[in-house]
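Notes to accompany the following structure.
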Amino acid sequence: MTVRRSVVRGVGAYLPARVMTNEELSRKVATDDAWIQQRTGIRERHLAAEGEYTSHLGIAAARAALANAKMSADAIDLVVLATSTPDQTFPATAVTIQAELGILKGAAFDVQAVCSGFVYALATADLFLRSGSFQRALVIGAETFSRLLDWSDRTTCVLFGDGAGALVLEAEEQPGTMKDRGVLTTQLRSDGRYREKLYVDGGPSTTGTTGHLHMEGREVFRYAVGMITDVVDAAFSATGYGANDIDWFVPHQANRRIIDGSAKKLGIAPEKIVITVDRHANTSAASIPLALAQAAGDGRIKSGNLVLLEAMGGGFTWASALVRW
Ligand code: UT7
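At position 307 of the sequence shown (counting the first as 1) the number is 307 in the numbering used here, and the numbers step up by one without a gap.
This is how it looks when you write it as structure tokens:
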């Protein structure tokens with residue numbers, strides 16, 4: 001008996017032109033390149049220009065993904081955007097992207113799960129495609145975290161960057177085994193008891209302002225590897241796969257030490273890890289699709305490869321997915 005799967009048709013990304021190096025940052029706050037590289041692996045980040053919004057980044061990434069899929073925008077009937085930095089409080093930034101791409105059917109909405117947002121958006125789109133509600137989805141992660149930063153706080157402003165990435169998914173009948181192409185499993189978790197460890201101190205219903213990002217970095221770090229490995233183990237249990245079966249490990253790019261620590265604990269070989277945190281910093285919901293676009297674009301990720309995604313961030317939220325490309 002065949003089953004409907006959400007198969008990846010294309011991937012694309014967009015990074016704003018402006019690059020800020022650690023050296024440039026060290027002229028603004030009391031930090032230095034050696035500290036940032038040693039603690040995080042970050043060398044530089046991209047920053048959106050004045051007047052360049054999350055929707056602009058998302059539209060550019062979506063166009064690149066559609067071109068990669070050789071598909072026109074009017075084939076899309078679902079747009080799910082993962083972002084914590086929408087253009088406006090409402091409407092959803094996804095509807096701006098939908099309109100600018102000229103999509104006149106189906107539905108578009110935002111998903112907010114901070115750094116885990118892309119995996120949450122992927123899981124949401126996958127359920128809609130597999131249920132038969134929609135046929136072809138754009139799943140986008142787009143962020144302008146630079147707008148949430150307190151640029152005088154060295155403990156946070158060195159860590160984040162702006163960018164966007166997108167996948168085109170299409171529902172397709174597959175044989176119904178774990179050798180199928182497409183999204184094989186998604187695993188989502190949250191625990192709101194940790195919500196004050198990483199948060200923004202503003203919002204429409206509280207302060208009426210946007211607010212700034214605050215993080216107890218050491219605390220987030222303390223939980224990260226355990227949560228990531230638990231949710232990856234859940235994806236392995238759901239599919240019967242293990243670390244040796246993975247072709248590519250594409251983690252959320254927050255900190256090189258968290259990525260390496262998680263891979264080591266899971267037993268994933270270092271040469272299978274896709275790293276972009278050095279050049280992008282933490283772009284929250286955009287980091288996984290940016291890394292996917294990089295590794296598929298340079299020929300590392302190929303059709304048929306088994307790709308493991310994971311993320312952890314504010315909420316806390318954490319999530320994983322196994323996708324056969
Ligand atoms: O996307 C998911 C959410 N975010 C994360 O996953 C981030 C998780 N956390 C981290 O990545 C790390 O905890 C950080 C990179 C944020 C910090 O690294 P750390 O090794 O945990 O450093 P720390 O917070 O323990 O700080 C060590 C020292 C402190 O000085 P004292 O108190 O030891 O004198 C900080 O004040 O480093 C100081 N420090 C800095 N020094 C230079 C903090 N930020 C900086 C800085 N430059 N930018």
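Where a beta carbon is used, it is the ideal one built from N, C-alpha and C, also for glycine. None of the values given here were measured: they were computed from a predicted structure.
Cβ shell of residue i (< 7 Å), same chain only, five flanking positions each side left out
i	result
G297	none
G102	A73, D74
I258	F221, A224, V225
Beta-carbon proximity list for residue i, same chain, < 6 Å, skipping 5 on both sides
i	result
C157	L149, W151
S303	W325
E310	I228, V232, P251, S320
G12	A61, A64, A65, N68, A166, A293
T144	A48, T54, T85, D162
Buried/exposed call for residue i, threshold 16 Cβ in 10 Å
i	result
R27	exposed
R136	buried
F160	buried
T93	buried
T283	buried
R218	exposed
G299	exposed
D245	exposed
T209	exposed
Check: residue i C-beta below 7 Å from any heavy atom of the ligand UT7
i	result
G267	no
R218	yes
I259	no
R27	no
M312	yes
A238	no
T83	no
R154	yes
Supposed contact pair residue j and residue i - C-beta distance, whole angstroms, cut 8 Å
i	j	result
A65	G10	5 Å
G163	L15	5 Å
V79	L122	Actually they are not in contact, since the Cβ atoms of V79 and L122 sit about 13 Å apart, beyond 8 Å.
T185	A238	4 Å
A295	G267	With a Cβ gap of about 20 Å, A295 and G267 do not count as contacting.
V183	M71	Actually they do not touch by this definition, with Cβ atoms about 18 Å apart.
Which residues DSSP lists as bridging residue i, in chain order
i	result
R136	E170
P251	E310
L198	M215
Spatial neighbours of residue i in its chain, beta-carbon cut-off 8 Å, leaving aside the 5 residues before and after
i	result
T31	N22, L25, R154, V158
Interface flag, residue i vs chain B, CB-CB below 8 Å
i	result
T229	No chain B appears in the structure shown, which is made up of a single protein chain.
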